[in-house]
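First up is the structure itself, then whatever we jot down about it.
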Amino acid sequence: TQLETELRQALSQGALSVHYQPIVHVATGGLIGFEALARWKHPARGFVSPAEFIPVAEDAGLIAEIDQFVLKEAAQQLRTWSTRTPLADTCILSVNASTVQFSRADFAPAVQCILEETGFDPVRLRLEITESLLMHRSPAVQRNIDGLRQLGLQLHIDDFGTGYSSLGYLQQFAASALKIDRSFIQRLFNSDEAAELVRTILAMARNLNMKVVAEGVEHAEQWAWLQDAGCHYAQGYYFGVPLPAADALPLLLHGR
Ligand code: G
Ligand code: G
Ligand code: MN
Ligand code: NA
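Its first residue numbered 746, the sequence shown is counted upward by one per residue in the UniProt record's numbering.
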């Protein structure tokens, strides 16, 4: 397709970049780190959403290149910021990892390679994967999961609540955190079910020894509710939109 051709060009011409969205401690509102998000600035169409180009990249066999670009770029960026503030040495980095990648034998080794090249501490890295991975377990997927965990990084389940994960899979998988999909946070005050569901996810995460990240927090009221409910971390426009590196640095320097 045309989009695929243009995406190949974009990759070779360096038209992809990374934006950084703050992740905060719910209790204090203090910055703990960033989610790195791919951005494609198309010469004619402006910014194309990853919701549009990531599925194309997955079908075209370009996703490994994109995910690895984002990881390497973001890890390097945080290393660069170390010269500006000591907070850059402790803040966490959360990066999306396509399910497609987990079937490739060279995935975990490629992540290890990027961590060694950039000198980024694996303990500060979170890979966000979607619930669909829990349903597509195979020996290759399992080897990658084991390999990644041996590196010391954390696996977080993105868009949690929208997929099909059974609690059994979740426990086996040994994810460190659940990121509650923003649709639940958006409906928090519109529907008793949404609020009850978020409470249930929090209780389940406590029992399974996992942390919870609330996504899509847009209002102070939602933040207050999450504080009350004992949610650990949050992300959303209320705390900050995804920003280019130059605009994200001040958040590290001065706090959110
Ligand atoms: O940033 P935005 O809300 O437009 O992202 C839309 C979707 O694209 C989200 O579900 C997000 O997880 C996904 N996405 C953004 N950046 C990346 C990336 O670098 N790799 C992968 N695999 N997905 C990404
Ligand atoms: O699926 P994933 O969690 O990776 O998606 C992250 C995307 O969600 C980001 O690209 C960002 O554009 C979008 N996003 C982040 N915070 C908010 C928010 O508060 N409201 C809405 N509507 N979208 C958000
Ligand atoms: Mn994500
Ligand atoms: Na999400």
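We put the CB at the ideal spot given by N, CA and C, even for glycine.
Worksheet item: Quick one: what does DSSP say P867 is sitting in, helix, strand or coil?
Response: helix
Item to complete: Following the continuous beta strand (DSSP E) through E780, name the residue where it begins and the one where it ends.
Response: 776-787
Fill in: First through last residue of the alpha helix (DSSP H) which encompasses P995
990-999
Discussion item. Tell me whether H787, by its Cβ, gets closer than 8 Å to a heavy atom of ligand 1.
Written reply: no
Worksheet item: Residues in its own chain within less than 7 Å of E810 by CB, not counting five upstream and five downstream?
Response: L756
Fill in: Pair within 9 Å by beta-carbon distance, A885 and Q899
no
Item to complete: Going by DSSP, name the residue or residues bridged to P795.
Response: In DSSP, P795 forms no bridge with anything.
Discussion item. Quick check: what's the CA-CA separation for T945 versus E818?
Written reply: 36 Å
Worksheet item: What's the gap between the Cα of E938 and the Cα of P995?
Response: 38 Å
Discussion item. Rounded to the nearest angstrom, what separates G975 and A772 at their Cα positions?
Written reply: 8 Å
Worksheet item: Is N889 helix, strand or coil by DSSP?
Response: helix
Fill in: Supposed contact pair Q766 and V986 - C-beta distance, whole angstroms, cut 8 Å
7 Å
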